[in-house]
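J.: Quick note, the sequence shown lines up with residues -24 to -1, 1 to 405 if you use mature numbering (1 follows the signal peptide of the UniProt record, and there is no 0).
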Amino acid sequence: MKNTISTLLVVIFCLSMISCNAQKQSFITVKGTQFIKDGKPYSYVGANYWYGALLGSEKYGDRKRLLRELDLMKENGIDNLRVLVGAEGGTYDYTVTPALQTEQGKYDEALLDGLDFFMSEMGKRNIHAVLYLNNNWEWSGGMSQYLEWNGRGKIPNPNLNGNTWPQFMEYTSKFHECEPCMIGFEKHIKFILGRKNAYTNKKYTEDTAIMSWQVANEPRVFTRENEKSFTNWLNNVVDLIDSLDKNHLISTGSEGKAGSNDDLDTFERTHQNKNIDYLTMHIWPKNWGWFKAEEEKSTLQVALINAEKYIDEHIAVAKNMNRPIVIEEFGLPRTHEGLFPEASVESRNVFYESLFKRVLQSHKNKEALAGLNFWGFGGEGKAVNKTGKWNAGDAFTADPPQEPQGLNTVFSEDKSTLKLIKEFNNQLR
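As structure tokens, then:
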């Protein structure tokens, strides 16, 4: 009887250890052109989910919706989410509100709590986050808001002032030489990376639910003359993150060639820093003139061909630099740019599948393309009017506030797209 009890105790102890080890996660690392997770190559079909931390706020968000959406994504194999950890100002129309940083250095505690809750729930589901800390564009405040905060004049917001994109980009390019702006951003980095999660009691630098810190969404060189300032700034930020956190990967959030004056050599030159662990690229067929809704069938083929070329040339750069690369943004509208789920996603699915196949091919052949994040998962959000305009208080979708809501969103109701995502994630495991 004594031996039986001893044996039973040993069995229980072993089962307990197996259970603990099953739940234990490791940090994702890089080996050559591969991501490594739990000792094995890691590739993924993930999503952009920029508003996840806002949904996690008990005061402003919808935690029940967040949990349902996380469960649905996990069910379809989505275990990698690219998430905004910023939003500055929040005072302009067409801009994310409420803002995490209401004034430079002042934070909304309810949104910090939402970030903590969101990260704790991701960790429970073994879902990993790429957390980007700034934004080149106006829709979340970003670099332009730092400039306005530091006396560089009013933001020439292109959504409010007509077609002022050239003026906006010239204005934003000044960020890389604005000393108080850069210091303000560095303080934001130190604040977020120095945080301890109220729900897990873990420091963010020790959280295995984080895959990487990302400098910004689509940081751009802008001009040839600005390359030196941009590169110095980028290196300083990357080195700062590395000095604060040795556990997590670092990426820049670059569009690739499109964010580098349409020049691959510039992209490579600006990413020489050894602390940049992997490269990124974005692909936007509509924005880049490859795809036109009114000529859907013919221009879809153009988009497929051009995307393949764009991917291949960036893979070549990544191979040369011996780093993984991720297509962390891409999207395609529904038929006739419909904003509601009943509009067809047939062409979108064709475009998605072509990119999924390229990731799968790379995974099987141990090439440099290691993952992708479609833009984006909008879950239970929805467009509430025909123009698609987002107003403060509306449910978030994947589309940021300056774009028609539903334009590039994958909703929970898009069963055919989710089925496709699940199919390829199953093949990548």
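Glycine is no exception: its CB is placed at the ideal position from the N, C-alpha and C atoms.
For the segment 176 to 252, list the alpha helix (DSSP H) runs that are entirely contained and at least 4 residues long, ordered along the chain.
T.: As far as the segment 176 to 252 is concerned, its whole alpha helix (DSSP H) runs of at least 4 residues are 203 to 220 and 240 to 245.
J.: If Phe372 sits next to Leu30, beta carbons under 8 Å apart, how far is it from one beta carbon to the other, in whole angstroms?
T.: Correct: roughly 6 Å between the Cβ atoms.
J.: So for Met(-8), helix, strand or coil by DSSP?
T.: With a pLDDT of 41 at Met(-8), under the threshold of 50, the modelled position of that residue is not reliable, and the figure given next carries that caveat. It is helical.
J.: What residue range is occupied by the uninterrupted alpha helix (DSSP H) comprising His164?
T.: His164 -> alpha helix (DSSP H) spans Glu155 to Leu169.
J.: Can you tell me whether Ile281 is helix, strand or coil according to DSSP?
T.: Helix.
J.: Are Leu87 and Tyr36 closer than 8 Å when you measure CB to CB?
T.: Yes, the pair counts as a contact, with Cβ atoms nearer than the cut-off.
J.: Near Leu220, what residues of its chain come up, given a Cβ to Cβ distance below 6 Å and the 5 sequence neighbours on each side ignored?
T.: Excluding residues within five positions, the ones whose Cβ falls inside 6 Å are Leu169.
J.: Under three-state DSSP, which class holds Gln77?
T.: Residue state, collapsed to three classes: strand.
J.: Excluding sequence positions up to five away, which residues of its chain have a Cβ less than 6 Å from the Cβ of Gly65?
T.: Hits under 6 Å: Ala75, Gly117 and Gln121.
J.: Taking only runs that begin and end inside the segment 32 to 68, name each unbroken alpha helix (DSSP H) of 4 or more residues, in chain order.
T.: The segment 32 to 68 contains these whole alpha helix (DSSP H) runs: 39 to 51.
J.: Between which two residues does the beta strand (DSSP E) holding Gly354 run?
T.: Counting along the chain, the beta strand (DSSP E) containing Gly354 begins and ends at Phe353 to Gly355.
J.: Between the alpha carbons of Leu136 and Asp69, how many angstroms are there, rounded?
T.: The alpha-carbon atoms of Leu136 and Asp69 are separated by roughly 8 Å.
J.: Are there 16 or more other CB atoms within 10 angstroms of the CB of Arg58, so buried, or fewer, so exposed?
T.: Buried, by the Cβ-count rule.
J.: Take the Cβ of Asn112 as the centre, count every other Cβ of all protein chains shown within 10 Å, and call the residue buried at 16 or more, exposed below.
T.: Classification of Asn112: buried, given that the 10 Å Cβ count is 16 or more.
J.: Out of curiosity, what's the CA-to-CA distance linking residue 412 and Gly62?
T.: Nothing about residue 412 can be read from this structure; the chain reaches only from -24 to 405.
J.: What are the boundary residues of the beta strand (DSSP E) that Tyr108 is part of?
T.: His104 to Tyr108 is the span of the beta strand (DSSP E), which, as asked, contains Tyr108.
J.: Ends of the alpha helix (DSSP H) at Ala86?
T.: Segment Glu85 to Lys100, the alpha helix (DSSP H) holding Ala86.
J.: If you scan the segment 251 to 316 from start to end, which runs of the beta strand (DSSP E) of 3 or more residues do you find wholly inside it?
T.: Runs found: 255 to 259 and 301 to 306.
J.: Kindly list the residues whose CB is nearer than 6 Å to the CB of Leu404, restricted to its own chain and excluding five residues on each side of it in sequence; keep chain order.
T.: Hits under 6 Å: Ser19 and His339.
J.: Per DSSP, Asn24 forms a beta bridge with which residues?
T.: Arg58, per the DSSP bridge assignment.
J.: Leu348 and Leu331 - do their beta-carbons sit closer together than 8 Å?
T.: Yes.
J.: Does Lys13 pass the burial test, meaning 16 or more other C-beta atoms within 10 Å, or should it be called exposed?
T.: So Lys13 ends up on the buried side.
J.: Considering only C-alpha positions, which residue in the set Met257, Ala319, Gly307 and Asn126 is nearest to Glu194?
T.: Of the listed residues, the one whose Cα sits closest to Glu194 is Met257.
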